[in-house]
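What follows is a single structure, written as structure tokens, with notes after it.
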Amino acid sequence: MNMNSPLINRQIRLASRPHGAPVPSNWLHTEEALPELKDGEIRVRNLYLSIDPATRGWMNGGKSYIRPVEINEVMRAGGVGQIIATRSPRFAVGDYVAGSTGVQEYWQGAADHPYGGFQRIDTNVAALPSYLNALGMPGMTAYFGLLEVGLPKAGETVVVSGAAGAVGQTVGQVARQKGCRVVGIAGGADKCRFVVEELGFDACIDYKNTSVKEGLKQHCPQGIDIYFDNVGGEILDTVLTHINLKARIIICGAISQYNNTAPVQGPANYLALLVKRARMEGIVVFDYLNRYPEAVQQIGEWMKEGKFHTREDIIEGLDQFPTALNMLFEGKNFGKLVLKL
Ligand SMILES: NC(=O)c1ccc[n+]([C@@H]2O[C@H](COP(=O)([O-])OP(=O)(O)OC[C@H]3O[C@@H](n4cnc5c(N)ncnc54)[C@H](OP(=O)(O)O)[C@@H]3O)[C@@H](O)[C@H]2O)c1
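Here is the structure:
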């Protein structure tokens, strides 16, 4: 290879906004030569990209907690990578970093880029994909959502949906560390076995093959004090019928609704909040950006002590991004879904 020829960056851009589930024509595969580095800039070779349900929301136009991705823009995604060139004193070649990489092979720009700026990560604490899972955005969501919004107390019963997924895995394990009884809800016997046998949940309800209502009666004999909702829809409605006085419902996501072409289905049983003087509150992980190090340190310690486990589902190849994204909405991922480049 001619060392003077520019590096070619392969990228996936948003071509059009989906109606329902994303289809191949929503994506544009492009190639671009990287310009020379300017003063203060870094070049990151992206190694793993995070595949997130939120991506589906960022593909829509309209107002949300973050601006939508524009048509023809490189798709937004978190990732981890390695610095391969630097003109910033903040980073050295070889450093491993995590940040908002986008769906592309390289990220290049100012080292102190204001949004999603890169942070150095320590590969002695955990392997790179963990920094997109428990030590990354999903883990931070789970940790702060549960502890700051849910306010768990030892002995309380916590129910979490999407239990085998990225956020769910961490919610359940943090709740166990706090002395709570933890009941997961997940799709399929294998996922349920995993959360009980490998993550240490007290029980798990297979919502695809058994009744959630009966499962909650059986596994939450003292009622539900905290529900960490990742899925919305019917499961949220059913859980509301089993909450305790002063229960806390953490609205983290509603993946069952993201591909809807009809309006979002709200909880018909919301009057349970009145009867039980309960609280339902949303969480957006970015509100806790300046506290991430606190959570990374705590979860990292639990990992080192062997008290905390994670599972990633790794798919290979940038071009697999559209297929991988759709896996989330069909429950085809088993653990945090990550794209290896
Ligand atoms: N608020 C925030 O700041 C924030 C941050 C990160 C994530 N989130 C939200 O957290 C939730 C989980 O995200 P994640 O990254 O951890 O994803 P994930 O749980 O690793 O993957 C998605 C899982 O959702 C389940 N699912 C898909 N369609 C479903 C349906 N119709 N009904 C019930 N379950 C369904 C599937 O599991 P099963 O096989 O068990 O069905 C699938 O594996 C999402 O709603 C996401 O938007 C919010």
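Going letter by letter, the sequence shown gives residues 129 to 469 in the working numbering. All C-beta atoms in this analysis are idealised placements derived from N, C-alpha and C, irrespective of residue type, glycine included. Remember, predicted model here, so these are calculated numbers, not experimental data.
By Cβ distance below 8 Å, which residues in the same chain neighbour residue i in space, the five residues on each side in sequence not counted?
| i | result |
| --- | --- |
| Gln-232 | Asn-137, Arg-138, Gln-139, Ile-140, Asn-174, Val-202, Leu-446 |
| Gln-385 | Gly-360, Gly-361, Val-392, Gln-393 |
| Gly-316 | Asp-334, Lys-336, Asn-337, Gly-459 |
| Arg-145 | Asn-154, Met-187, Asn-188, Gly-189, Ile-199 |
| Ala-143 | Ser-153, Asn-154, Trp-155, Leu-156, Ile-199, Asn-200 |
| Thr-183 | Met-203, Arg-204, Ala-205, Leu-453 |
| Arg-407 | Lys-374, Ala-375, Arg-376, Ile-377, Leu-401 |
| Trp-430 | Gln-301, Gln-305, Phe-436 |
| Ile-249 | Val-208, Tyr-224, Val-225, Ala-226, Leu-256, Tyr-259, Leu-263 |
| Lys-432 | Val-253 |
| Gln-426 | Tyr-271 |
| Ile-194 | Trp-186, Phe-414 |
| Glu-409 | Val-277, Arg-376, Ile-377, Ile-378, Ile-379 |
| Glu-160 | Ile-136, Asn-137, Gln-139 |
| Gly-290 | Gly-296, Ile-313, Ala-314, Asn-358, Val-359, Gly-381, Ile-383 |
Quick one: what's got a C-beta closer than 7 Å to residue i's C-beta in the same chain, skipping five residues either side?
| i | result |
| --- | --- |
| Asp-167 | Arg-215 |
| Pro-196 | Trp-186, Asn-188, Gly-189, Gly-190 |
| His-437 | Glu-326, Leu-327 |
| Val-295 | Pro-266, Thr-269, Ala-270, Asn-358, Cys-380 |
| Gly-245 | Gly-227 |
| Tyr-222 | Per the sequence shown, residue 222 should be read as Gly rather than Tyr. Only Gln-210, Ile-211 meet the Cβ criterion. |
| Ile-179 | Ala-452, Leu-453, Leu-456, Leu-465, Val-466, Leu-467 |
| Leu-279 | Arg-376 |
| Pro-450 | Pro-150, Pro-152, Trp-155 |
| Val-340 | Ile-313, Ile-333, Ile-363, Thr-366 |
| Thr-158 | Gln-139, Arg-141 |
| Val-424 | Leu-263 |
| Ser-192 | Gly-185 |
| Asn-397 | Asp-365, Leu-368, Thr-369 |
| Thr-251 | Tyr-224 |
Tell me which same chain residues have a C-beta within less than 6 Å of the C-beta of residue i, skipping the five on either side of it?
| i | result |
| --- | --- |
| Val-247 | The sequence given here places Gln at residue 247; Val does not occur at that position. Excluding residues within five positions, the ones whose Cβ falls inside 6 Å are Ala-226. |
| Met-129 | Note that Met-129 scores 48 on pLDDT, short of 50, meaning its location in the model is unreliable; the coordinates nonetheless yield the value given after this. Here the set comprises nothing. |
| Met-455 | Asn-461 |
| Val-310 | Val-286, Gly-300, Ala-303, Arg-304, Phe-329, Asp-330 |
| His-347 | Val-311, Ala-331 |
| Ile-442 | Val-466, Lys-468 |
| Arg-419 | none |
| Ala-282 | Gly-307 |
| Arg-218 | Ala-239 |
| Gly-273 | Ile-378, Cys-380, Ile-411 |
| Gly-343 | Ile-333 |
| Pro-349 | none |
My assumption, with CB atoms under 8 Å, is that residue i sits in contact with residue j. Please give the rounded CB distance.
| i | j | result |
| --- | --- | --- |
| Asn-387 | Phe-457 | 6 Å |
| Glu-115 | Ala-270 | Because the chain in this structure spans residues 129 to 469, residue 115 falls outside the shown range and cannot be described. |
| Leu-177 | Gln-236 | Leu-177 to Gln-236, Cβ: 16 Å. No contact. |
| Ile-411 | Val-277 | 5 Å |
| Val-253 | Gly-434 | Their Cβ separation, rounded to whole angstroms, is 13 Å, which puts Val-253 and Gly-434 out of contact at 8 Å. |
| Pro-395 | Leu-368 | 6 Å |
| Val-208 | Tyr-224 | 7 Å |
| Leu-465 | Gln-448 | With 8 Å as the limit, Leu-465 and Gln-448 do not qualify as a contact, their Cβ atoms being about 11 Å apart. |
| Ala-213 | Arg-171 | 4 Å |
| Leu-162 | Pro-134 | 6 Å |
| Gly-463 | Glu-440 | 5 Å |
| Gly-148 | Thr-298 | The pair is not a contact, with the Cβ atoms about 30 Å apart (cut-off 8 Å). |
* Touching or not, the stretch 388-407 and the stretch 243-261, by the rule of three or more beta carbon pairs under 8 Å? -> no
* To do: Say whether the stretch 338-354 touches the stretch 286-294, bearing in mind that this needs 3 or more beta-carbon pairs closer than 8 Å, one atom from each stretch.
  => yes
* For the stretch 379-389 against the stretch 312-325, are there 3 or more C-beta pairs whose distance is under 8 Å? -> no
* Could I get the ranges of all uninterrupted alpha helix (DSSP H) runs contained in the stretch 290-343, with 4 residues as the minimum, in chain order? => 294-305, 317-321
* To do: Assess, as a yes-or-no matter, whether the stretch 410-419 is touched by the stretch 305-319 under the definition of 3 or more beta carbon pairs within less than 8 Å.
  => no
* Asked: Residue ranges of each beta strand (DSSP E) run of no fewer than 3 residues wholly in the stretch 201-282, ordered along the chain?
  -> 207-214, 224-227, 234-238
* Asked: Considering only residues of the stretch 338-418, which uninterrupted beta strand (DSSP E) runs meet the minimum length of 3 residues and lie entirely inside it, listed in chain order?
  -> 352-357, 371-379, 407-410
* Completely contained beta strand (DSSP E) runs for the stretch 131-168, where each covers 3 or more residues -> 136-142, 155-161
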